[in-house]
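Notes follow once the structure below has been shown.
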Amino acid sequence: MTSLPSTDFSDKFLDIAGEPVSFTPHSTYDKDGDCVEFLAKPDPFYGERIDDLVTVYRSQADNEIVGALIKGVKRFCEKVLTLYPGFGIEVQDGKVKVACLFRAKAWATPKADDKMLMITYRKLIEAAEAAEAEAGLCEIGA
Amino acid sequence: MGRDRSRREELAVQAVDPADGTLYELTLSYERIRSMALRGRGAILEGSRLVEYVLQHPAAIFEGLRRDADDPRYGAGWRCYCGTPPCAFSGNGDEINPPPGMVYLVFVNDEEVVYNWRWDRADSDNSRLPQDHGTRFRERLL
Numbered sequence: 001m002t003s004l005p006s007t008d009f010s011d012k013f014l015d016i017a018g019e020p021v022s023f024t025p026h027s028t029y030d031k032d033g034d035c036v037e038f039l040a041k042p043d044p045f046y047g048e049r050i051d052d053l054v055t056v057y058r059s060q061a062d063n064e065i066v067g068a069l070i071k072g073v074k075r076f077c078e079k080v081l082t083l084y085p086g087f088g089i090e091v092q093d094g095k096v097k098v099a100c101l102f103r104a105k106a107w108a109t110p111k112a113d114d115k116m117l118m119i120t121y122r123k124l125i126e127a128a129e130a131a132e133a134e135a136g137l138c139e140i141g142a
Numbered sequence: 001m002g003r004d005r006s007r008r009e010e011l012a013v014q015a016v017d018p019a020d021g022t023l024y025e026l027t028l029s030y031e032r033i034r035s036m037a038l039r040g041r042g043a044i045l046e047g048s049r050l051v052e053y054v055l056q057h058p059a060a061i062f063e064g065l066r067r068d069a070d071d072p073r074y075g076a077g078w079r080c081y082c083g084t085p086p087c088a089f090s091g092n093g094d095e096i097n098p099p100p101g102m103v104y105l106v107f108v109n110d111e112e113v114v115y116n117w118r119w120d121r122a123d124s125d126n127s128r129l130p131q132d133h134g135t136r137f138r139e140r141l142l
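If you read the sequences in order, they're chains S and A.
Residues 1 to 142 in our numbering are what the first sequence lists, from first letter to last.
Residues 1 to 142 in our numbering are what the second sequence lists, from first letter to last.
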């Protein structure tokens with residue numbers, strides 16, 4: 001193993017990040033990436049794409065699902081709202097439950113006969129519901 | 001994405017320009033960096049050290065993150081830097097060997113903002129490239 005030296009960037013990054021805080025399950029909408037990131041556990045993770053829009057985060061220790069990244073969220077929600085205007089009922093005060101995003105994505109997948117994919121979606125939905133995860137999407141469906 | 005960047009707090013980082021091998025400037029939002037505090041010391045240290053390393057020592061750079069098959073232009077200008085850092089950090093911040101069979105990915109949007117980074121499975125035929133690299137990106141630039 002080779003250590004990486006500290007740099008001006010790394011020093012500034014550490015200053016900005018500050019001290020770690022106690023982990024709680026959380027989800028955030030990132031405008032820069034137009035993505036929702038959901039984390040249910042604090043484990044170091046790796047990404048595993050399950051389709052064009054969803055990447056599952058799995059624990060490096062035991063491969064269990066610890067979170068996920070949903071890309072293209074704004075566009076996806078707009079498409080769903082066009083097809084199913086009633087989806088707007090899931091958007092309240094600019095926030096949408098992350099479990100609803102997973103459920104909508106699972107319903108829209110052309111690979112519904114892929115059992116492993118649907119099991120993964122079910123686990124994601126359960127994890128997001130348990131965490132009561134919501135993401136602020138103030139531009140959508142308000 | 002129509003953001004007003006003039007009021008954003010951003011940290012600059014240098015990255016290899018795939019066009020000519022020189023360095024050019026990208027940015028990270030303070031908001032994104034601060035969110036690392038929720039993930040623990042290991043995530044903070046990985047962001048501070050591995051992101052810059054991979055941006056300046058990429059094994060590959062891909063462009064055009066595939067998102068939506070019915071929009072051929074979507075994802076243009078969005079880049080993914082892929083590298084194999086010499087170290088990693090455990091959840092509590094201890095420096096450790098990189099996880100086997102993994103590469104580190106850094107994602108950049110079309111406004112040259114670094115918006116995400118993480119470990120990802122390596123390709124089974126080339127341990128320096130991410131899994132499914134042939135189908136998940138439109139073009140390899142480096």
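The beta carbon of each residue, even a glycine, is placed where N, CA and C say it ideally should be.
Quick check: the segment 69–78 of chain S against the segment 15–27 of chain A, are there 3 or more CB pairs under 8 Å? Three or more beta-carbon pairs separated by less than 8 Å are not found between the segment 69–78 of chain S and the segment 15–27 of chain A, which leaves the two stretches without contact.
Pairwise C-alpha distance: alanine 106 of chain S and threonine 28 of chain S: Near 20 Å, if we compare the C-alpha coordinates of alanine 106 of chain S and threonine 28 of chain S.
Given glutamate 52 of chain A, which residues of its chain have a CB within under 8 Å of its CB, disregarding the five upstream and five downstream residues? Counting only Cβ-Cβ distances below 8 Å, and skipping sequence neighbours, we find Val13 and Gln14.
Measuring straight from C-alpha to C-alpha, what distance separates glutamate 132 of chain S and glutamate 64 of chain S? Cα atoms of glutamate 132 of chain S and glutamate 64 of chain S: separation of roughly 19 Å, rounded to the nearest angstrom.
Listed from N- to C-terminal order along the chain, which residues in the segment 3–16 of chain S have their beta-carbon within a distance smaller than 7 Å of any beta-carbon of chain A? Listed in chain order, the positions of the segment 3–16 of chain S with a beta carbon within less than 7 Å of a beta carbon of chain A are Ser3, Leu4, Thr7, Phe9, Ser10, Lys12, Phe13, Leu14 and Ile16.
Beta-carbon within less than 7 Å of valine 98 of chain S's beta-carbon, same chain only, minus the 5 sequence neighbours each way: which residues are those? Counting only Cβ-Cβ distances below 7 Å, and skipping sequence neighbours, we find Ser27, Val36, Phe38, Ala128, Ala133, Glu134 and Ala135.
Find the nearest neighbour of valine 54 of chain S within the set S:Ala61, S:Gly47, S:Pro44 and S:Leu69, judged by alpha-carbon distance. The option with the nearest alpha carbon to valine 54 of chain S is S:Leu69.
Please give the ranges of any beta strand (DSSP E) in the segment 46–107 of chain A, keeping only runs that are unbroken, at least 3 residues long and fully inside the region. Runs of the beta strand (DSSP E) inside the segment 46–107 of chain A: 60–65 and 79–83.
Using the beta-carbon count (16 or more within 10 Å), is arginine 122 of chain S buried or exposed? For arginine 122 of chain S, the number of other beta carbons within 10 angstroms of its own is below 16, and it is reported as exposed.
How many Å lie between alanine 17 of chain S and aspartate 113 of chain S at the Cα? If you draw a straight line from the Cα of alanine 17 of chain S to the Cα of aspartate 113 of chain S, it is about 43 Å long.
Listed in chain order, which residues of the segment 111–135 of chain A have Cβ atoms closer than 7 Å to some Cβ of chain C? Of the protein chains in this structure, namely S and A, none is chain C.
Would you mind telling me which residues of chain S sit closer than 7 Å to isoleucine 44 of chain A, beta carbon to beta carbon, in chain order? What isoleucine 44 of chain A touches in chain S: Leu14, Ala17 and Pro20.
Assuming glycine 134 of chain A is part of the alpha helix (DSSP H), what are its boundary residues? From DSSP, the alpha helix (DSSP H) with glycine 134 of chain A extends over 133–136.
Proline 25 of chain S - DSSP class collapsed to helix/strand/coil: When secondary structure is reduced to three states using DSSP, proline 25 of chain S falls in the coil class, being assigned neither helix nor strand.
Could you tell me whether the Cβ of glutamate 134 of chain S comes closer than 9 Å to any Cβ of chain A? Not one beta carbon of chain A lies nearer than 9 Å to the beta carbon of glutamate 134 of chain S.
So what does DSSP say about aspartate 11 of chain S, is it helix, strand or coil? Note: aspartate 11 of chain S maps to helix in three-state DSSP.
Using a beta-carbon distance below 9 Å, is threonine 28 of chain S in contact with chain A? Threonine 28 of chain S counts as touching chain A.
Taking glycine 148 of chain A as the query, report the chain S residues whose CB atoms sit under 7 Å from its CB, ordered along the chain. Residue 148 of chain A lies beyond the range of chain A shown here (1 to 142); nothing can be said about it.
What number of angstroms, rounded off, separates the C-alpha of proline 85 of chain A from the C-alpha of asparagine 126 of chain A? The straight-line gap separating the alpha-carbon atoms of proline 85 of chain A and asparagine 126 of chain A is approximately 16 Å.
Between the segment 85–100 of chain A and the segment 59–66 of chain A, do three or more beta carbon pairs fall short of 8 Å? The segment 85–100 of chain A vs the segment 59–66 of chain A: no contact.
Under a Cβ-count criterion, where at least 16 other Cβ atoms within 10 Å of its own Cβ denotes burial, should isoleucine 164 of chain S be classed as buried or exposed? In the structure displayed, chain S extends from 1 to 142; residue 164 of chain S sits before or after that span and is not available.
For aspartate 30 of chain S, write down the residues that DSSP places opposite it in a beta bridge. Partner residues in the beta bridge of aspartate 30 of chain S, as assigned by DSSP, are S:Cys35.
Mark glutamine 92 of chain S as exposed unless 16 or more other C-beta atoms lie within 10 angstroms of its C-beta, in which case mark it buried. Classification of glutamine 92 of chain S: exposed, given that the 10 Å Cβ count is below 16.
Does DSSP put threonine 55 of chain S in a helix, in a strand, or in coil? Judged by DSSP in its simplified three-state form, threonine 55 of chain S adopts strand.
Tell me which residues share the same chain as methionine 1 of chain A and place their Cβ nearer than 6 Å to its Cβ, disregarding the 5 neighbours each side in the sequence. Residue confidence for methionine 1 of chain A is low, a pLDDT of 47 falling below 50, so the modelled location carries little weight; the figure read from the coordinates is stated next. None.
Out of S:Pro85, S:Lys31 and S:Ser59, state which residue places its alpha-carbon closest to the alpha-carbon of asparagine 116 of chain A. Taking only the C-alpha atoms, the option nearest asparagine 116 of chain A is S:Lys31.
Chain S partners of arginine 140 of chain A, CB-CB under 9 Å? By Cβ distance, chain S contributes nothing, its closest Cβ being about 17 Å from arginine 140 of chain A, past 9 Å.
C-beta neighbour in chain S for proline 72 of chain A, strict 9 Å: Confidence at proline 72 of chain A is low in this model, with a pLDDT of 49, below 50, so its placement is unreliable and the value that follows should be read with caution. It does not: the Cβ of proline 72 of chain A has no partner Cβ on chain S nearer than 9 Å.
Can you tell me whether leucine 83 of chain S is buried or exposed? The criterion is at least 16 other CB atoms within 10 Å of its CB, across all chains shown. Leucine 83 of chain S comes out exposed.
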